[in-house]
Amino acid sequence: MPAIQFRLNGTAAVVDVDPDRTLLDVLRNRLGIAGAHVGCGAGECGACYVMVDGRAMSSCDMPMWSVAEKDVVTVEGLGTMELPHPLQRAFISEQAMQCGYCVSGILISAAALLKRNPSPTEGEVRTALDRNLCRCGSHNRMVRAVLRAASEMAAS
Amino acid sequence: MSAPPPAPKLPVSLAANPRLSSWVRFSGEGRVAISPGKVEIGQGIVTALAQIAADELDVAIGRIEMIRASTATSPNEGVTSGSLSVQQSGRALRHACAEVRQRFLAAASDRLGVEASLLAVDDGTISGPGNVRTSYWELAGDVSLDHDATVGAAAKSAGARSVAGHSIQRIDIPDKVFARPRFIQDQAPPGLVHGRVLRPKISGAKLIALDEAATRAVSGLIAVVRDGGFAGVVADSEAAAEAALKALRKGAAWSAGEPLPDESDLAGFLRSQPVEPTVIDTRTAATTGKAALTLRRQYTRPYIAHGSIAPSCAMAQWDGGRVHVWTHSQGVYLLRADLAIVLRLPDENIVVEHMEGAGCYGHNAADDVALDAALLARGAGGRPVRVLWSRHDEMSHAPFGAAMAIEIEADLDAGNEIIGWRHAIWSNGHVARPGRAAQPALLAASEIANPHPRMISTNPPAANGGGGDRNSVPLYDFPAWTITSHRLLTMPVRTSALRTLGAQGNVFAIESLLDEIAVLRGEDSIAFRLRHLRDERAREVIRAAARRAAWKPERRSGIGHGIGFARYKNTGAYCAAIAEVEGTNDIRVRRLTLAVDVGEAINPDGVVNQIEGGAIQATSWALKERVRFDRTRVTSTSWTDYPVLTFSEVPAVDVEIIQRPEVEPVGAGEAAHGPVTAAIANAVHDCLGVRVRDLPITRDKIIAAMELAT
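Taken in sequence, the protein lines are chains V and B. All residue numbers for the first sequence refer to full-length UniProt numbering, where the first residue is 1 and numbers rise by one. All residue numbers for the second sequence refer to full-length UniProt numbering, where the first residue is 1 and numbers rise by one.
Here it is, written out as structure tokens:
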């Protein structure tokens, strides 16, 4: 089978893999990317979200063949301790989580939102995060963190 | 001569684990290892405990390394549950650290020739007059902490603390934002292989035959493990393990299952089963007036799923006759006790080590999957095996929070004052945790050859807060009452501990009926409650919530307000909640205003976070959540079939903490659920004029209640 090429967090990636394998499986088990989390395996909870060509999408039900030539960003690609994404800084400032398992998927949904809408209203943030489930009840803190990141990005 | 004061006692966790070195160690260059027996389950406990240690030792919190609980090294603090971690682990650490500090000051005094009382500690450096100085780390070789704690050491006074009592940032959050693996689901030790377990779709069905041929042909398969009715696969990749499980399922033959109750008549089911009745409490009036009116109301809540966002996961690795298990269980020692029974091993051959999982709201499948991993790892030839449950199994085989039917009869006199109160509960027990009985509680224990019987859930004693009866004894000063709990002796739907145990149901019932009586009297429902409460802390949280919500806002069409109050377990945190709802058939909660008193709030923002989270989860339970089943199987096995509150549906939540630094701290994680549920139900009545007594408050239930009322 031909290798599948795509961009992962800004660099070229090539994997020689069954094209029906899921992106989540390949990220976690072949490419050492643990930030996309296993949640439901059915695209219903958002824990596994990654950005594909700028859109937040579930990777647990995304076959590798559909990723060819695409641009994939995981939470690892948003920022680092040294160079954090404004969303990452804001989630720390707002202490926007309890267990934090859903957070990497939520950061991805939020980053995709801010790309297409840099100054969202609270309602738009909530709508953008509606496909991400949080079971601990940290929703309002997360919404505040996204709004804080948006205003920081606008100011800079 | 007056009687001597009672002898001072060690905090309970420290009395059980008195060796100081099991709690505190100075390590490396300027590091402090703090080793509690309680575990992080998403509630932020490791930060609160680090704050307490930093304060008592006078070291910067950045020097503290929190050690994950393990049966190899940690104090045994039982289970991380019941909102007791700050109470138990926090008190033990505060005392242990105070004594450690005292021992180091004595050693420093010897070395420096300065009286201990003249020495000060600043970030671990001990200094005194004449510019003399040393440090914990310089002295660590001279000061043995292999001593048992004594009652003598005095912790700092509330006013002298500089870290505890302040909102510092949680120490685990940066890892989670930058995706540095902390979760057990993300661990990949060298040589890792993957396991999956075969479980029936039909409730109670047993594996009777298994054709393994197709499974054995799956590329990457390492082993099919079968032990009686327990079966699973081990493979060299997750994809291979999934493929092998799929093949194994095709080759499986199952017995008929065990029938499930009628989900549309849970009260009928609960009230028709064999039960163990217990009188929880009675109060007899000095004079009994005659009841002019008796209100009899039945309240129900359904089975509720834990629904952690991560499926349960564990790792296990055998080395000869010894096994190491990594788990997100709430109790490493308790899990080890059950593993020892099932695996027929002495305790010392098993190490159980905690690793974080996703948010845990009680006894989910964490312990079950740990045994699954230990059983599957037998087929892995000494390699570590990581086992992950499926979402389907998580939502159908993990224990649920127990369904409840609650009937209250309130006797009212001619002026509609309460003169008698009878509260009766029918429910399965709320706890079937491992490590508490001679019989194991783990799922696979009932599946293996020579199976152990399935554990029927029981209730903790009233002294520990009770189970199904939790919060059933009113905090109000009614002149007479009888509280009775009927624990089911059958258990077709598996139940165990879910956040608050029976408190959510009982508080919902009590607070709903109180509201109804206040309305009947034409009395403001807050004034009515305050008139029946003597506990000043209870009165204060209600008044604070009322002030904050500007009770009672002017009536507007389509909007309703309601209040709920409880003191969790009647001994823990006080919480009052006011809900603002809107709607006609579909109810939306717009705002929740809460006031809470947890005594000393170690990390105030952590307390707010827990209360907010509890309030939002309770809103989800109250409006949406219900485990669904037909007569043969659980049908709510996905998020589509078991919907929870989404971002757009989440209300604004406003929390006020009443700080009492001089009062021993209690946990906050379970304080909000009962009051919020009741506040929403009462607000729905205020809005629509109907009482929904059957949770969750869905469109169908509202229509049914309206039909009943006409």
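We put the CB at the ideal spot given by N, CA and C, even for glycine.
Contact of residue 69 (chain V) with chain B by beta-carbon distance below 7 angstroms is absent, the smallest such distance being about 23 angstroms.
In the DSSP assignment, residue 153 (chain V) falls within the unbroken alpha helix (DSSP H) covering 139 to 155. Residues of the stretch 125 to 151 of chain V whose Cβ lies closer than 9 angstroms to any Cβ of chain B, in chain order: 125, 126, 127, 128, 129, 130, 131, 132, 133, 134, 135, 136, 137, 138, 139, 140, 141, 142 and 143. Chain B places no beta carbon closer than 9 angstroms to that of residue 153 (chain V), leaving this residue out of the contacts.
Assignment of beta-bridge partners to residue 299 (chain B) by DSSP yields B:406.
Taken atom to atom, the span from the alpha-carbon of residue 70 (chain V) to that of residue 45 (chain V) is near 23 angstroms. Short of 7 angstroms from the beta carbon of residue 369 (chain B), and not among the five residues preceding or following it, lie these beta carbons of its own chain, in chain order: 312, 313, 314, 387 and 389. Not one beta carbon of chain V lies nearer than 9 angstroms to the beta carbon of residue 34 (chain B). Here residue 117 (chain V) is exposed: its Cβ has fewer than 16 other Cβ atoms, across all protein chains shown, within 10 Å. Excluding residues up to 5 positions away in sequence, 215, 233, 235, 240 and 244 lie with their Cβ nearer than 7 angstroms to the Cβ of residue 221 (chain B) in the same chain. DSSP places residue 103 (chain B) in the helix class (H, G or I) of the three-state scheme. Taking all protein chains in view, the Cβ of residue 14 (chain B) is crowded by 16 or more other Cβ atoms within 10 Å, so the residue is classified as buried. A distance of 9 angstroms or more separates the beta carbons of residue 497 (chain B) and residue 573 (chain B). The closest CA to that of residue 502 (chain B), considering only B:25, B:465, B:27 and B:518, is found on B:465.
Taking C-alpha positions only, residue 601 (chain B) is separated from residue 665 (chain B) by approximately 6 angstroms. Listed along the chain, the chain V residues whose CB falls inside 7 angstroms of the CB of residue 639 (chain B) are 40, 44, 45 and 133. Taking CB atoms only, residue 246 (chain B) has no neighbour in chain V less than 9 angstroms away. Residue contact with chain B for residue 104 (chain V): present (Cβ-Cβ distance below 9 angstroms to some residue of chain B). Annotated as distal: residue 37 (chain V) and residue 41 (chain B), with beta-carbon spacing of 9 angstroms or more. Secondary structure at residue 278 (chain B): strand, using DSSP grouped into helix, strand and coil. Straight through space, the alpha carbons of residue 511 (chain B) and residue 530 (chain B) are spaced by roughly 13 angstroms.
Around residue 677 (chain B), no beta-carbon contact reaches into chain V at under 9 angstroms, the shortest distance being about 14 angstroms. Within the same chain, Cβ atoms closer than 8 angstroms to the Cβ of residue 129 (chain B) are found at 114 and 118, the five residues on either side in sequence being excluded.
Under a criterion of Cβ atoms nearer than 7 angstroms, the residues of chain V adjacent to residue 358 (chain B) are, in order, 99 and 101. If you look at residue 606 (chain B), you'll find it in the alpha helix (DSSP H) that goes 604 to 623.
With its beta carbon less than 9 angstroms from one in chain V, residue 181 (chain B) belongs to the interface.
Going by C-alpha positions, residue 289 (chain B) is about 7 angstroms away from residue 413 (chain B).
According to the DSSP assignment, residue 71 (chain V) belongs to the beta strand (DSSP E) that extends over 71 to 73. Under the Cβ criterion of 9 angstroms, residue 62 (chain V) is not counted among the residues facing chain B. The three-state reading of DSSP puts residue 174 (chain B) in helix, counting H, G and I together. One alpha carbon belongs to residue 688 (chain B), the other to residue 624 (chain B), and they sit about 18 angstroms apart.
For residue 652 (chain B), the uninterrupted beta strand (DSSP E) run begins and ends at 652 to 657, by DSSP. In the structure shown, residue 478 (chain B) falls within a coil segment according to DSSP collapsed to helix, strand and coil.
Under the 9 angstroms criterion on CB atoms, residue 91 (chain V) is classed as interfacial with respect to chain B. Neighbours of residue 116 (chain V) in chain B, taken as residues whose beta carbon is under 7 angstroms from its own, are absent, since the nearest beta carbon is some 17 angstroms off.
Contact check for residue 317 (chain B) against residue 385 (chain B) passes: the beta carbons are separated by less than 9 angstroms.
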